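> When we follow UniProt numbering, the leftmost residue of the sequence shown carries the number 1, and every step to the right adds one.
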Amino acid sequence: MSFNIAACREPSRGSVSVARTITQEQPDLVALQEVDRFTRRSGTEIDQSSELARHAQFPHVFYIPSMNFDGGQYGNTILSQRPFDTVALVQLDGRGQGETRSMGVVSVKIDANQQVFFAVIHLEHEIVSLRERQVKDAIEFYRKNHFQNQPFILAGDFNDEPNSQTVQFLLTEGGFQLPLDQCPKTYPADNPAMTIDYIFANEKAAEMFEVKAYRTLNVNISSDHVPVILELKKK
């Protein structure tokens, strides 16, 4: 699952509502974007990452800060039902134009002899040229760490539509692919009209898994985005 939770602000008014949305699907792995940690707007004692893990009953959590914000931090989170190794995180620089964003990667064992890499990412929302630069930086990081040689799933809020240069760069230069030809619309949650949230798989992951479903969850809205769900079965 990939889910931009909008820092558990309106319409959710707290982490319990967001956790309830997550648990409807009982996912193994969740990539969350816009997660607050000890900020004034969400509560200086509140770590949304840990709260969501507790309420949604995920034993393993990895917080990836993007930037210092409002007295605390703002970033992404990976929740997992399986133990994982924290592999890496990279800051995607705002270059003095926009917010600093981030990508985090973990490795998860799916059986005794096989691991899958799972990543969360969130890109710039306003400046097109910066968003395109950030996705290029992410792919450079991906290649530098030789992730292309392993099954790798990339999930997040890319803030761009399927025909954009951002997404096309991922497909052509990054070697990623969408699970199915049709991309469900993800934003705004009350009447989705745009596709900006995705789950991509690289070639190695596509060889390993069969796609059972690629869809959104449009009930019990708890954010301004709807969650994206990818169901996989090992071949």
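Glycine included, every Cβ here is placed at the ideal spot set by N, Cα and C. Everything numeric in this text was worked out from a predicted model, so none of it was measured.
1) What residue range is occupied by the uninterrupted beta strand (DSSP E) comprising Val228?
2) Mind checking whether Ile153 and Phe84 have CB atoms under 9 Å apart?
3) In angstroms with no decimal places, state the Cα-to-Cα distance between Gln177 and Asp157.
4) At the level of alpha carbons, what is the spacing between Glu99 and Lys212?
5) Give me the DSSP bridge partner(s) of Thr77.
6) Ile196 by DSSP, collapsed to three states: which one?
7) Give me the Cα-Cα distance between Ile78 and Thr44, rounded to the nearest whole angstrom.
8) Beta-carbon separation of Ile5 and His225 under 9 Å?
9) Leaving out five residues on either side along the sequence, give the residues of the same chain with a beta carbon under 6 Å from the beta carbon of Asp137.
10) If you follow the alpha helix (DSSP H) that Phe169 is in, where does it begin and where does it stop?
11) Whose C-beta lies closer than 6 Å to the C-beta of Ala56 among residues of the same chain, with five residues either side of it excluded?
12) Among Ala205, Phe209, Asp190 and Leu230, which residue has its Cα nearest to the Cα of Tyr198?
13) Are the region 164-171 and the region 110-117 touching, with three or more C-beta to C-beta distances below 8 Å?
14) Closer than 8 Å by C-beta to Phe209: which residues in its own chain qualify, once you throw out the five before and the five after it? Chain order, please.
15) If you reduce the DSSP assignment to three classes, tell me which class Glu210 lands in.
16) Mapping DSSP to helix, strand and coil, what is Ser49?
Put simply:
1) Counting from one through the sequence shown, the residue named residue 228 turns up at place 228. Bounds of the beta strand (DSSP E) holding Val228 are Val228 to Lys234.
2) What you label residue 153 is simply residue 153 of the sequence shown in a count that begins at 1. What you label residue 84 is simply residue 84 of the sequence shown in a count that begins at 1. The answer is no: Cβ separation not under 9 Å.
3) Counted from its first residue, the sequence shown places residue 177 at position 177. Counted from its first residue, the sequence shown places residue 157 at position 157. Their Cα atoms are separated by approximately 16 Å.
4) Reading the sequence shown from its first residue, position 99 is the one you call residue 99. Reading the sequence shown from its first residue, position 212 is the one you call residue 212. When rounded, the distance between both Cα atoms is 36 Å.
5) Along the sequence shown, read from residue 1 onward, the residue named residue 77 stands at position 77. Answer is Leu32 and Tyr63.
6) Taking the first residue of the sequence shown as 1, we reach residue 196 at position 196. Coil at Ile196, not helix or strand.
7) The count along the sequence shown starts at 1 and reaches residue 78 at position 78. The count along the sequence shown starts at 1 and reaches residue 44 at position 44. Approximately 21 Å, taken between the alpha carbons.
8) The count along the sequence shown starts at 1 and reaches residue 5 at position 5. The count along the sequence shown starts at 1 and reaches residue 225 at position 225. Yes. Within cutoff.
9) Taking the sequence shown and counting its residues from 1, the one referred to as residue 137 is at position 137. Same-chain partners within the cutoff: Leu92.
10) By 1-based counting over the sequence shown, the position of residue 169 is 169. Here the alpha helix (DSSP H) through Phe169 covers Gln165 to Thr172.
11) The residue labelled residue 56 in the question sits at position 56 within the sequence shown. Only Ala19, Ile22 and Thr23 meet the Cβ criterion.
12) As a first step, residue 198 is located in the sequence shown; it is residue number 198 there, counting from the start. Comparing Cα-Cα distances from Tyr198 to each of Ala205, Phe209, Asp190 and Leu230, the minimum goes to Leu230.
13) no
14) In the sequence shown, the residue the question calls residue 209 occupies position 209. Taking Phe209 as the centre and dropping the five residues before and after it, the same chain places the C-beta of Pro151, Ala201, Leu232, Lys233, Lys234 and Lys235 closer than 8 Å to its C-beta, in chain order.
15) By 1-based counting over the sequence shown, the position of residue 210 is 210. Strand.
16) Along the sequence shown, one-based indexing puts residue 49 at 49. Helix at Ser49.
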